[in-house]
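This report concerns only the one structure given below.
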Amino acid sequence: MKKRAVKKAVIPAAGLGTRFLPATKAIPKEMLPIVDIPTIQYIIKEAVDSGIEEILVITNSNKHCMENHFDRNYELENRLMESGKQAERDMICEIADMANIYYVRQKEPKGLGHAILCAKSFIGEQPFAVLLGDDVVENHGGKPALKQLIEAYDAVQASIVGVQTVPDEAVHKYGIVEPVRQMNGRRVKLSSMVEKPKLEDAPSNLAVLGRYVLTPEIFDYLETQEPGAGGEIQLTDAIKNLMISQSVYAYDFEGTRYDVGDKFGFIKATVEYALERDELKADLQAYLKTLVETF
Ligand code: UTP
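Okay, structure coming up:
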């Protein structure tokens, strides 16, 4: 079989962000900053660091500022130059040069599966990566989460969903996979998958956490997929159907994943990323200690 490399990625970022209202009324949740960098910039960096060359962001009419963020801003660049702020100027120019980024609009928020379907003609006949626009994964000094999945894809030439074990009380919030056998190592073949099950119906505690490598045949299933949980076209349902004709694997990736579309997940990410910054670490540690003593 001819090996196909994963060089394109899709970032669905057209959700309504209802868990983060009112902040997301006019600002996309993907643009909320973790310290001083918008969430989507971390995700695009992960894709680039994983070897991705072209990225399609699925947007909606409320998301212009994402396009502006990854474009040049000559007026700001000139003003920074004139005021001698060369480092800041270089920093904003570098953002515009991070990757080849394209955009397509999802005209109605019909679900994650429908958002991915909007990427069909961009992807063509190649395997591709999916990174959810509100899931950030940090793997300090190690391989980016997506790179781990791409290497797993390269080994088996089949679709891979990124998973981690979640506690019982969190199972109902995720797509949960059913492995064909007990997990032994990081990669396991799957027999089924279910979106947001009750704990008693969940086949495992392995939850799909915002990273996928998919074969292009997924589009055949997305095109005919009926709305599932929440009345939305679910990617989970299409992957489950894909398993009838192709093998699909889970890969238990290394790294800490933050659900930045959730208020508590966003706060955790902000505090932990700030603690990694040399200019903030000491002050924040001291402040957190006083808070612990006060509350
Ligand atoms: P979420 O369910 O986390 O996003 O979808 P949401 O719908 O914005 O969240 P809440 O519950 O209303 O707060 C996971 C990813 O899929 C994208 C989202 O932008 C997010 O990155 N998505 C979801 C779409 O692009 N289109 C959709 O129709 C739904």
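Just so we're aligned, residue 993 is where the sequence shown starts under our numbering, counting upward by one. Yeah, the Cβ is synthetic: ideal placement off N, Cα and C, and Gly gets one too. Just so you know, these numbers come straight off a predicted model, no measurement behind them.
Beta-carbon proximity list for L1272, same chain, < 8 Å, skipping 5 on both sides
V1027 and A1266
Do you know offhand how far D1041's Cα is from E1218's?
35 Å
D1126: beta carbon under 7 Å from a heavy atom of the ligand UTP?
yes
So, with DSSP's three-state summary, where would you put Q1118?
coil
Tell me the DSSP secondary structure of Y1279 in three-state form.
helix
Look up L1048 in the DSSP assignment and give the residues it is bridged to.
V1002 and Y1094
Taking Cβ to Cβ, would you say G1125 is nearer than 8 Å to A1005?
yes
So, with DSSP's three-state summary, where would you put M1235?
helix
Within 7 Å: the Cβ of H1106 and any heavy atom of the ligand UTP?
yes
Looking at L1138: is its Cβ nearer than 8 Å to the Cβ of R1203?
yes
Backbone CA spacing between I1115 and F1062 [nearest angstrom]:
21 Å
Is the separation between the beta-carbon of N1131 and that of Q1098 shorter than 8 Å?
no
Look at the alpha carbon of S1170 and the alpha carbon of E1285, and state the distance between them as a whole number of angstroms.
The question names Ser, but residue 1170 is Glu in the sequence shown. Cα to Cα, E1170 sits roughly 44 Å from E1285.
From I1236, R1249 and Q1140, residue whose alpha carbon lies closest to that of Y1243:
Q1140
By Cβ distance, which residues of its chain are closer than 6 Å to T1262, with the 5 residues on each side in sequence left out?
I1026
Identity of the residue in L1008, N1054 and C1085 nearest N1065 by Cα
C1085
Is I1168 close to the ligand UTP? I mean its beta-carbon at under 7 Å from any heavy atom of the ligand.
no
Check: T1010 C-beta below 7 Å from any heavy atom of the ligand UTP:
yes
Mind checking which residues open and close the alpha helix (DSSP H) that includes A1332?
Residue 1332 is absent from the structure shown; the chain starts at 993 and stops at 1287.
Residue environment, K1000, which counts as buried when at least 16 other CB atoms sit within 10 Å
buried
Pick from E1100, V1128, N1197 and I1044: whose alpha carbon is nearest that of Y1034?
V1128
Neighbourhood of V1186 by C-beta, 6 Å cutoff - its chain only, sequence neighbours within 5 removed:
I1168
Looking at the secondary structure, which residues open and close the alpha helix (DSSP H) in which A1137 lies?
A1137 to V1148
Reduced DSSP secondary structure (H/G/I, E/B, other) of Y1265
helix
Pairwise C-alpha distance: I1032 and E1022
5 Å
Who pairs with Y1066 in a beta bridge, going by DSSP?
According to DSSP, Y1066 bridges with nothing at all.
Residues bridged to R1203 by DSSP?
L1123
Taking 7 Å as the line, does the beta carbon of Q1098 fall inside it for any heavy atom of the ligand UTP?
yes
Using the three-state DSSP reduction, which class does G1222 fall into: helix, strand or coil?
helix
Can you tell me whether R1249 is buried or exposed? The criterion is at least 16 other CB atoms within 10 Å of its CB, across all chains shown.
buried
Local Cβ density within 10 Å of M1058, reported as buried at 16 or more and exposed below that
buried
With respect to 7 Å, is the separation between the Cβ of G1257 and the closest non-hydrogen atom of the ligand UTP below this value?
no
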